[in-house]
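Trainee:
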């Protein structure tokens, strides 16, 4: 462990854990600073890493077993969105090499990933 044992509540790992806790109905007692997790937030998660995807793929049946079909559908939606965006990721990485369009790719990626407003400023030279 890194020594920092706080839960950010925003990264893919924290959100995955929060989905499971929400399905069990015990998220409010966990140290995430939230009492509930809306399915709409879960649907906006972007899962890029294959290992994380395999963990996320376990969640829909788990959520359904615990009576949370809404969370199961939200996870399935997030996984489908993530897969649709896979083909564009290499192109976006390639675009970032160019100083003129590179900064715009961060804003575009944030919109695609539903992260909302992003205050990206290119590094000063």
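Numbering (our numbering), first residue to last: -3 to 121. Beta carbons are placed, not taken as given, at the ideal position from N, Cα and C, and that holds for glycine. A quick note: this is a predicted structure, and the numbers were derived from the prediction, not measured.
#1: For residue 61, tell me which candidate among 11, 19, 30, 26 has the shortest Cα-Cα distance.
#2: State the Cα-Cα distance for the pair residue 133 and residue 70, rounded to the nearest angstrom.
#3: Taking contact to mean 3 or more Cβ pairs, one atom from each stretch, closer than 8 Å, check whether the stretch 89 to 99 and the stretch 43 to 61 are in contact.
#4: Of all the options 87, 56, 29, 90, which has the alpha carbon lying nearest to the alpha carbon of residue 76?
#5: Should residue 83 go down as buried or exposed, given a rule of 16 or more other Cβ atoms within 10 Å for buried?
#6: Rounded to the nearest angstrom, what separates residue 74 and residue 87 at their Cα positions?
Mentor: On the basis of the coordinates in this document:
#1: The shortest Cα separation from residue 61 among 11, 19, 30, 26 belongs to 19.
#2: Nothing can be reported for residue 133: it is not among the residues displayed for the chain, which extend from -3 to 121.
#3: Contact between the stretch 89 to 99 and the stretch 43 to 61 is absent: fewer than three C-beta pairs spanning the two stretches fall below 8 Å.
#4: 56
#5: exposed
#6: 21 Å
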